[in-house]
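**Q** Shown below is the structure under consideration.
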DNA sequence: CTGTTAATGACAACCGATTGCCAAATGATT
DNA sequence: AATCATTTGGCAATCGGTTGTCATTAACAG
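Right under this line is the structure:
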């Protein structure tokens, strides 16, 4: 029985199986996907043949005839941003567990690439997960009407979303800085098209007003360590004693620049980051930052999307999930200069 | 003319276009893929209709009938390892430029996952790029016979490969340490299944013998920062004054552990990493490491694979590409203790 | 022993393209 | 004007499955 055509190089099809078992191709298809619609002994023969031929269903053909692709697109603005590493890993694991394939696309921080990718994915994926979308609310809503979608860190009415609650963590960060004696604080903003950046700023300035301290907004800065240099210079020039950066990349970049300029952290200026990405714990000094359950966010996003795709079990799928965050204090924040 | 069925929600097909233009579907197909096989005016009409309907070819159908999927699988052992970030970005950019889609898969450092992924990709991808394969030479060779493949950092006769020449960089690192007065040096090994680790060790011990210094091998250690703690303890316990780690993750983890234990770097012990990943420049102290052109390696791998897929232009495709590396000296290496 | 029902499996259409083959149309040639 | 070469474009098969329809069969109740 081991002598089956080892010479036939190309993958086995249901037709090969059907020929061997003397049944119709459709019977094979049913035996494999709807087992109880087929005689148990026939099924056994078919399964045996399939195993022997090392049969794997052709996903293209499956997708074409059934309409389901078994793939989910994951769109991120920048693959090399460590923030997305954990996110990608979270989606990957959860998708694989559910038998789906992940199509990862780097949209290069471009709304156009993002939009065209969505249009293409409409045919080749069953749904998409969009992280930190750069699209307008309208465009996003329109796209969501064409393909099942879950967004991450982008809240638009009508589109299921996973939101990491960094805004509320910013007030924690603010209180932390205030308790250290800081009164002149800056927010180093991220891209103008980033909703997260806007929400963080809104939360921060509201909290600042509430506490009666001054917080000014600087930037915008690109979410890369290289931008940290400009951010550091801007912060120093503005005369603040502490700053809260849009994300860890900017914060880490600031740390490097401040060190170059001989400005001590946290003695001369305190720096707070956001996301707690890879590297935040071993930079110099270690970064005080708002920790986000990023990988978990990815998993939740997948769960929400799959619930949307297979509305079987009555469990009403939530359309919005808020992930909690908390401040992780490390060495980059300290007492304000002049404080005893 | 703007009044075309806006209500029809599903994507346009060549049949829709054919109906509008009053030609056969095959003519549409030809007009779009073999323009000169079709009358220029007919083609113009078809193109106009296609544009108006916002037509995008269905990639599944295309793949099914043509046999080409337009996708390339990229297999990495661990998505969250920063080393692969740049690699992935390199492949992504080059693939997109060539009109291919990237299917990224995390094989979880498992040879079984790797093998089964390859089998599946055989139908859904035109070729694959395998980074740091954990498979045996035989398995890899067998797989390469079934699907066009290019490996990265894995040299097996008969399989096109991109190899980052870290082994030769290890002698540079060794000379660097020797010139600083170190004579007792350790190599903190990576996974046993990693060919890179073995090659580096071979190159290193050969060079050490040549220079007449002692280099011992410790480990193996998993390529994660967490393993750095064990590596640091092992290094300290062995009494060496310098060590060369399999990669930056281990090195950075060592840095953290040594700091915890109050052991100064580089005063008490010097540490050299490998790869120059994200974080190597801003850890504390900044890491001396062997810099690799990782993103470029990804691009080259894609080029080699595509040359293999489309052997059109006579340019004989090389089957092996060696990427140069160099030592980047930062703060984690210094004079051996006891040296003046 | 017959009638009814449920289980079973074969047939064929279809998903959306590609592509070989052939016929019609065009144009050039003599 | 008739003939031949060359375009041009339609038909239909094909890729590998899924799925609706329907005939057949077996099992059971009466």
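Chains as they are written, first to last, in my numbering: chain A, 109 to 448; chain B, 109 to 448. All C-beta atoms, glycine included, are put in the ideal place defined by N, C-alpha and C.
Indicate whether at least one CB of chain B lies closer than 8 Å to the CB of residue 214 of chain A.
**A** yes
**Q** What separation, rounded to the nearest whole angstrom, lies between the Cα atoms of residue 416 of chain A and residue 205 of chain A?
**A** 17 Å
**Q** Suppose the cutoff is 8 Å on Cβ atoms and the five residues either side in sequence are ignored; what does the same chain contact list for residue 378 of chain A look like?
**A** 285, 288, 290, 349, 350, 351, 396, 440, 441, 442 and 444
**Q** At a CB-CB cut-off below 7 Å, which residues of chain B make contact with residue 194 of chain A?
**A** 188
**Q** To the nearest angstrom, how far is it from the Cα of residue 437 of chain B to the Cα of residue 229 of chain B?
**A** 41 Å
**Q** Can you name the residues that DSSP bridges to residue 317 of chain B?
**A** When beta bridges are read from the DSSP output, residue 317 of chain B appears opposite no residue.
**Q** Compare the C-beta of residue 355 of chain B with all C-beta atoms of chain A and state if any pair is closer than 8 Å.
**A** no
**Q** Comparing the CB of residue 233 of chain A with every heavy atom of the ligand COA, is any distance shorter than 7 Å?
**A** Questions concerning the ligand COA fall outside what the structure shown contains, since it holds no ligand whatsoever.
**Q** Is the separation between the beta-carbon of residue 181 of chain B and that of residue 146 of chain B shorter than 8 Å?
**A** By the CB criterion at 8 Å, residue 181 of chain B and residue 146 of chain B fall outside the cutoff.
**Q** Would the stretch 353-364 of chain A count as touching the stretch 296-312 of chain B if we require 3 or more Cβ pairs under 8 Å?
**A** no
**Q** Please name the residue, chosen from B:407, B:375, B:344 and B:131, that lies closest to residue 153 of chain B on a Cα-to-Cα basis.
**A** B:131
**Q** Relative to the C-alpha of residue 295 of chain B, which candidate in B:272, B:402 and B:329 has its C-alpha closest?
**A** Among B:272, B:402 and B:329, the Cα nearest to that of residue 295 of chain B is on B:329.
**Q** Report the start-end ranges of each beta strand (DSSP E) in the stretch 225-260 of chain B that is 3 residues or longer and not cut off at the edges.
**A** Qualifying beta strand (DSSP E) stretches, in chain order: 235-239 and 257-260.
**Q** Residues of chain A with CB closer than 9 Å to the CB of residue 438 of chain B, please, in chain order.
**A** Those within 9 Å of residue 438 of chain B in chain A number zero; the least Cβ separation is about 12 Å.
**Q** Enumerate in chain order the residues of its own chain whose CB-to-CB distance from residue 334 of chain B is below 8 Å, with the five nearest sequence positions on each side excluded.
**A** When the five nearest sequence neighbours on each side are left out, the beta carbons in the same chain lying within less than 8 Å of the beta carbon of residue 334 of chain B are those of 361, in order along the chain.
**Q** Give me the residue from B:283, B:200, B:149 and B:125 with the minimum Cα distance to residue 323 of chain B.
**A** Minimum Cα distance to residue 323 of chain B is reached at B:283.
**Q** Using a Cβ-Cβ cut-off of 8 Å, state whether residue 294 of chain A counts as contacting chain B.
**A** no
**Q** Nearest chain B C-beta to residue 386 of chain A closer than 8 Å, yes or no?
**A** yes
**Q** Assuming residue 307 of chain B and residue 275 of chain B are in contact, meaning their beta carbons sit under 8 Å apart, how far apart are those beta carbons, in whole angstroms?
**A** 5 Å
**Q** State the beta-bridge partners of residue 379 of chain A as determined by DSSP.
**A** A:351
**Q** Which value, in whole angstroms, describes the spacing of the CA atoms of residue 273 of chain B and residue 189 of chain B?
**A** 19 Å
**Q** Residues in the same chain with beta-carbon distance under 6 Å from residue 129 of chain B, minus the five sequence neighbours each way, listed in chain order, please.
**A** 153, 154 and 157
**Q** Is the CB of residue 351 of chain A under 8 Å away from at least one CB in chain B?
**A** Closer than 8 Å to the CB of residue 351 of chain A there is not a single CB belonging to chain B.
**Q** Beta-carbon within less than 6 Å of residue 385 of chain B's beta-carbon, same chain only, minus the 5 sequence neighbours each way: which residues are those?
**A** 190, 191 and 356
**Q** For residue 244 of chain B, count neighbouring C-beta atoms within 10 Å of its own C-beta (all shown protein chains included) and say buried if the count is 16 or more, exposed if not.
**A** exposed
**Q** Using a Cβ cut-off of 7 Å, pull out every chain A residue sitting near residue 169 of chain B, in sequence order please.
**A** 172
**Q** Check whether the stretch 246-260 of chain A and the stretch 309-320 of chain A touch, using three or more Cβ-Cβ pairs below 8 Å as the test.
**A** no
**Q** Cβ closer than 7 Å: which chain B residues qualify as neighbours of residue 328 of chain A?
**A** None at all; the shortest Cβ gap to chain B is about 22 Å.
**Q** Measure the C-alpha to C-alpha separation of residue 418 of chain A and residue 119 of chain B and round it to an integer number of angstroms.
**A** Each residue's Cα considered, the two are about 22 Å apart.
**Q** Spatial neighbours of residue 133 of chain B within its chain, please: C-beta separation below 7 Å, excluding the five flanking residues on both sides.
**A** Only residues of its own chain outside the window of five on either side were considered, and among them 122, 123 and 126 have a CB closer than 7 Å to the CB of residue 133 of chain B, listed in chain order.
**Q** Counting only Cβ pairs nearer than 8 Å, list the residues of chain B close to residue 391 of chain A.
**A** 387, 390, 391 and 392
**Q** Is residue 414 of chain B close to chain A, meaning its C-beta is less than 8 Å from at least one C-beta of that chain?
**A** no
**Q** Straight-line CA distance for residue 341 of chain A to residue 370 of chain A?
**A** 12 Å
**Q** What did DSSP end up calling residue 429 of chain A once you bin it into helix, strand or coil?
**A** strand
**Q** Taking the C-alpha atoms as reference points, what is the distance between residue 171 of chain A and residue 185 of chain A?
**A** 27 Å
**Q** Chain B partners of residue 164 of chain A, CB-CB under 7 Å?
**A** 227, 228 and 231
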